[in-house]
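Be aware that the sequence shown starts at 6, since it is given in my numbering, and climbs by one per residue. Ideal placement from N, C-alpha and C gives every residue a C-beta, glycine not left out.
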Amino acid sequence: MNKDQLLHDYIITHSAELTEKWLKLRRKLRGHFYSANQLSEEMKQLLIEQHTFTNTAVASAFLEDPAVFQHNKEKWAAQVAKSRVEQDAQVHEVVEAIGNSRTVFWDAVTRFIDEHQDIVTKEDVRRWNHLVNSSFDQLMTDFTEQYQTLMIARLSSQQELISELSCPVILIADTIGTLPLIGAIDTRRARVILETVPENCVAKRITNLVIDLSGVPIVDTMVAQQLYMLSKTLFLLGIRTVFSGIRPDVAQTSIQLGLDFSAYQTYGSLEQALASMGVTCTIEETKA
């Protein structure tokens, strides 16, 4: 058996010992993902399993077939990144933990060297040192790439949800709904409005929609164009569109762009627009 295989087998045999030493290196920090005094038993068991796989992955770099390490590395990065994102772990915490793994792993390699001085050469030591450091570096790189990809996807999903919640279609009566737009409308939000509002109207069987703009501070060229496209889309779906809360500056912007809103009824307030559809709003006064 060659020396690389012997070293690989040595690491695998002592893997549980390496993991135990790695766990002892954890610091007691409040809010730290790997904190020694805050982990549940379930999470501790997960860390043990994942660190065992860390040992297996890096040890496979000593094998003759490089494809084994490549496979283990990619699988390890995917599993650990997914786990850390789900647990809201910080990247610097994982980097510190991987650094501790590297230290413990190399200590094991050093012990193997001491126990096999009769067959290990200086060239072996140099080569193993390079292999270990290179392997951990690759784990780190693959992890950060996977982590970033998952975080971007997560943030994008959250942003989409926030955007959808910022353009709610509210059913007022059987076939009457309102779209109260509040706050600034950027390109992303405008796109979400154009994509989701028609679908929501159809799903709620709305045939008359009041788009209220009284809560929108600025209506620029892009917003005016998107609103015009929205009204045209709704028209093609058989949905009557009424605008309320259009201020003079909004009207001027539309005219300058050549956008013809004359085909749509406009009202000064949402209450007036709903009243035109037979919906009356009653405000009850509460006596002290």
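- Task: Tell me, to the nearest whole angstrom, how far the beta carbon of ILE218 is from that of VAL255; I am working on the premise that it is less than 8 Å.
- Result: A small correction: the amino acid at residue 218 is Leu; Ile does not occupy that position in the sequence shown. LEU218 to VAL255, Cβ: 6 Å. Contact.
- Task: Please report how far the alpha carbon of SER281 lies from the alpha carbon of SER274, in whole angstroms.
- Result: 11 Å
- Could you name the residues of the same chain whose beta carbon sits closer than 8 Å to that of LEU136, not counting the 5 residues immediately before and after it, in chain order? ALA66 and PHE67
- Task: Could you check how far apart the C-beta atoms of SER259 and ALA229 are, in whole angstroms? I think they sit under 8 Å.
- Result: 5 Å
- Query: What residue range is occupied by the uninterrupted beta strand (DSSP E) comprising PHE117?
  - Reply: First-last for PHE117: 96-120, but that is the alpha helix (DSSP H), not the beta strand (DSSP E).
- Label HIS76 either buried or exposed according to how many other C-beta atoms from any shown protein chain fall within 10 Å of its C-beta, with 16 as the threshold for buried. exposed
- Query: Between the beta-carbon of LEU199 and the beta-carbon of GLN231, is there less than 7 Å?
  - Reply: yes
- Query: Where DSSP assigns a beta bridge to ASP179, which residues make up the other side?
  - Reply: Note: ASP179 sits in no beta bridge, so no partner.
- Query: Would you report the Cα separation of ILE3 and THR149, rounded to the nearest angstrom?
  - Reply: It is not possible to answer for residue 3, since the shown part of the chain is limited to 6 through 293.
- One or two residues paired with PHE233 in a DSSP bridge: Note that residue 233 is Tyr in the sequence shown, not Phe. According to DSSP, TYR233 bridges with nothing at all.
- Task: Specify whether the segment 141-161 and the segment 75-92 touch according to this definition: at least 3 beta carbon pairs, one from each stretch, less than 8 Å apart.
- Result: yes
- Message: So for GLN270, helix, strand or coil by DSSP?
- Response: strand
- Would you mind working out which of ARG31, THR285, GLN163 and GLU47 sits nearest ILE177, comparing C-alpha positions? THR285
- LYS78 classed as buried or exposed, judged by whether at least 16 other C-beta atoms fall within 10 angstroms: buried
- Where the beta strand (DSSP E) through PHE248 begins and ends: 245-249
- Starting from LEU218 and walking both ways along the beta strand (DSSP E), at which residues does that stretch end? 213-220
- Rounded to the nearest angstrom, how far is the Cβ of THR24 from that of ILE53, given a contact under 8 Å? 6 Å
- Task: State the DSSP-derived secondary structure class of LEU342, mapped to helix, strand or coil.
- Result: Here the chain has residues from 6 to 293 only, and residue 342 is not among them.
- Element boundaries [alpha helix (DSSP H), containing LEU68]: Element bounds for LEU68: n/a, residue is neither H nor E.
- Task: Could you have a look at ASP223 and say whether DSSP puts it in helix, strand or coil?
- Result: Note on identity: in this sequence residue 223 is Ile, with Asp being the wrong assignment. ILE223: coil per DSSP, three-state reduction.
- Task: Give the secondary structure of LYS209 by DSSP, where H, G and I count as helix, E and B as strand, and everything else as coil.
- Result: coil
- Burial state of ARG194, where buried means 16 or more other Cβ atoms lie within 10 Å: buried
- Item | Distance CB(ASN105)-CB(LEU166) smaller than 7 Å | no
- Consider the Cβ of ALA82: report whether some Cβ of chain D lies at a distance smaller than 7 Å. Among the chains of the structure shown, chain D does not appear; only one protein chain is present.
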